[in-house]
Amino acid sequence: MNIKNYINGSFHNPLNNEWINNFCPANGEVYGKTPNSSKEDVENAYIAAKSAFPIWSQTTLDERSRILIKISELLEANLDRFAEAESKDNGKPVSLAKSINIPRAASNFRFFGNAITQFASESHESVGQNAINYTLRQPIGVVGCISPWNLPLYLFTWKIAPALAAGNCVVAKPSEITPMTAYLLGEICNEAGLPKGVLNIVHGWGTTTGQAIVEHPDIKAISFTGGTVTGAHIARTAAPMFKKLSLELGGKNPNIIFANCDYKDMLETTVRSSFSNQGQICLCGSRIFVESTIYDKFKVDFVEKVKQLKVGHPSEHSTNIGALVSKPHLEKIMGYVEIAKNEGNKILCGGQKVTVKGFENGYYFEPTVIEAKTNDCKLNQEEIFGPIVTLMSFESEDEVLQMANDVKYGLSATLWTNDLKRTMRMSNQLQAGIVWVNTWMMRDLRTPFGGVKASGVGREGGFEALRFFTEAKNVCIKY
Ligand code: TXE
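This note's numbering numbers the first residue of the sequence shown as 707 and each following residue consecutively.
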């Protein structure tokens, strides 16, 4: 099936007629083509967005809210279709797409459809000067949203929904590796009555289509989620053009386990925080630090649980771990196992490609646990973004804090302890944008979301996202 660009409310082939193969990770076969859109397609998307902006930016909040909530309802009504499409495109278990990924995309539209009706700006009375200041929060105009392949519709809509709610028009590009559900979203937007041109979706390689969006002189803000190297490149391109930038980048997140935690809960959640979505979530806790007094017990229990995870075809209900997203990504993951061996680390389980009967060319890999010798090895410092975690033991709070923070990334951290004072001390000192204590990936969409250090710049979520997608203008009136 060929995917098309969604421009001005209708579907178009790329003008240059260039296409990218779309692979199904579960069997390694090409099952469709994606446009490799050129600058000209991006320009057409921009023109459509620009024309739609005067009306959309003046559309009442009630009406914008109604349309976004309608999109959310239509996504829910089409849950099975979207979940199956996402699984086929990405390799993730259908059950995961159905229970978490697509429902979250629907929640994104519902949440921002509601949030915009509650969004307020400040006023400041200049006492003694007979003046009042009020701040307008005006939409920026045409904005660009670029998203990755790991949570395709979830992260795509996490950007688009607040951008639209705030009154902007959007030129968006999903990952060329997983374009299908973004394509299907166009139909839903038409059905929900989103005026044409308000949202435009162009497909293609990052270096062609994505680059054209970032370089476009009149696309005034870029919201990007993806790799740190790409984020740095986008920042270099956009900064001299004075664009607003939000960058959500990689992570190498510590999962810190103290002996006085609720062990059973910790163990179950740690399996999830290590291997959900085949470990391809920027929030996965890929460095597991365990207090020395329970290290040996944890190692045995954790490895036993990980060995029970079933690697299989994404549509099988019993599958816990589906296929990795692409062949190059599988090769990258296999490369890290070689690095681990060369660094003298010990593979406790996994480490091998898996052949699933009937789907021999699929990109399957065992969930892998590696005991790391030092914190400064490549395995502990580089973002692997797959089903590989490392284990290390620690003696003291100071030692584990030092190791947890001694990495270039700073997205999230997880802490398992029932000691309140320690929780407070460590949460203050962990270098991360998000700290989870005795849980993982529990999300409240009102909270700020983003990272520090090489994990990015800016925050998404709640009013933070609405602030990003608006310009503040202060008006001072003397009376
Ligand atoms: O990401 P890219 P990739 C990490 C993870 C992964 C690595 C590379 O470690 O292995 O990044 O993944 C678009 N101008 N994360 O190669 O390239 C691209 O088309 C504009 C972490 O898939 O960063 C896609 O739409 N756009 C991450 C998006 O950027 C460009 C999730 C992300 O692609 C562009 C995914 C350019 N010059 C990967 N080049 C997370 N933090 O969740 C590429 N793109």
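Glycine included, every Cβ here is placed at the ideal spot set by N, Cα and C. Remember, predicted model here, so these are calculated numbers, not experimental data.
Collapsed DSSP secondary structure at residue i in the structure displayed
| i | result |
| --- | --- |
| Asn814 | helix |
| Gly1116 | strand |
| Arg993 | strand |
| Trp1122 | strand |
| His718 | strand |
| Glu782 | helix |
| Gly1018 | coil |
| Pro809 | helix |
| Met1148 | coil |
| Met1130 | helix |
| Thr1176 | strand |
| Ser952 | strand |
| Ser771 | helix |
| Ser832 | strand |
| Gly1092 | coil |
| Phe1004 | helix |
Any non-hydrogen atom of the ligand TXE within 7 Å of residue i CB
| i | result |
| --- | --- |
| Val833 | no |
| Glu1166 | no |
| Asn727 | no |
| Ile709 | no |
| Gly912 | yes |
| Glu1101 | no |
| Pro885 | no |
| Asn856 | yes |
| His1023 | no |
| Cys988 | yes |
| Thr908 | Inspection of the sequence shows that residue 908 is occupied by Val rather than by Thr. Checking the Cβ of Val908 against the ligand TXE gives no. |
| Leu1036 | no |
| His922 | no |
| Thr931 | yes |
| Thr1129 | no |
| Ser881 | yes |
| Thr863 | no |
| Ala936 | According to the sequence provided, residue 936 is Thr. The question's Ala does not apply to it. The answer is yes for Thr936. |
Buried/exposed call for residue i, threshold 16 Cβ in 10 Å
| i | result |
| --- | --- |
| Gln986 | buried |
| His922 | buried |
| Asn983 | buried |
| Asp1150 | exposed |
| Lys1052 | exposed |
| Tyr1185 | exposed |
| Asp924 | exposed |
| Met1098 | buried |
| Ala1046 | buried |
| Pro720 | buried |
| Asn1048 | exposed |
| His1019 | buried |
| Cys1182 | exposed |
| Ile761 | exposed |
| Leu842 | exposed |
| Val800 | buried |
Extent of the continuous beta strand (DSSP E) to which residue i belongs
| i | result |
| --- | --- |
| Gln1189 | Because the chain in this structure spans residues 707 to 1185, residue 1189 falls outside the shown range and cannot be described. |
| Val960 | Just to set this straight, residue 960 is Pro in the shown sequence, not Val. Note, Pro960: beta strand (DSSP E), 960–963. |
| Ala878 | 875–879 |
| Ala927 | 927–931 |
| Cys730 | 725–730 |
| Leu905 | 905–907 |
| Lys1052 | 1052–1055 |
The alpha helix (DSSP H) enclosing residue i, as first and last residue numbers
| i | result |
| --- | --- |
| Glu1166 | Per DSSP, Glu1166 belongs to no alpha helix (DSSP H) and is neither H nor E. |
| His939 | 934–944 |
| Leu1041 | Looking at the sequence shown, residue 1041 is not Leu but Gly. From DSSP, the alpha helix (DSSP H) with Gly1041 extends over 1033–1048. |
| Trp864 | 858–871 |
| Ala751 | 745–764 |
| Phe981 | 969–981 |
| Glu1101 | First-last for Glu1101: undefined, no H or E at that position. |
| Val920 | 917–921 |
| Glu893 | 886–898 |
Heavy atom of the ligand COA within 7 Å of residue i beta-carbon
| i | result |
| --- | --- |
| Gly1050 | Looking for the ligand COA in the displayed structure turns up nothing; the ligands present are the ligand TXE. |
Any chain C beta carbon closer than 8 Å to residue i
| i | result |
| --- | --- |
| Asn1124 | Protein chains in the displayed structure number just one, and chain C is not present. |
* **Touching by the beta-carbon criterion (3+ pairs, under 8 Å), the region 965–973 and the region 1000–1011** => yes
* To do: Would you check if there are 3 or more beta carbon pairs closer than 8 Å linking the region 844–856 to the region 815–822?
  => no
* **Three-pair Cβ contact test at 8 Å for the region 1014–1031 versus the region 717–733** => yes
* To do: Kindly confirm or deny that the region 773–792 and the region 922–929 touch, where touching means at least three C-beta pairs closer than 8 Å.
  => no
* Could you tell me whether the region 1047–1056 touches the region 1080–1098, where touching means 3 or more Cβ pairs closer than 8 Å? => yes
* Asked: Between the region 1034–1047 and the region 1100–1117, do at least 3 Cβ pairs fall closer than 8 Å?
  -> no
* **Touching by the beta-carbon criterion (3+ pairs, under 8 Å), the region 1123–1142 and the region 832–841** => no
* Assess, as a yes-or-no matter, whether the region 732–745 is touched by the region 908–920 under the definition of 3 or more beta carbon pairs within less than 8 Å. => yes
* **Three or more C-beta pairs below 8 Å linking the region 1152–1164 and the region 1132–1142** => yes
* Asked: Per the contact definition of three or more C-beta pairs closer than 8 Å, is the region 898–913 in contact with the region 745–756?
  -> yes
* Evaluate the contact criterion for the region 1169–1179 versus the region 860–879: three or more CB pairs, one atom per stretch, below 8 Å. => yes
* Pairing CB atoms from the region 1064–1079 with CB atoms from the region 1009–1029, are three or more of them under 8 Å? -> yes
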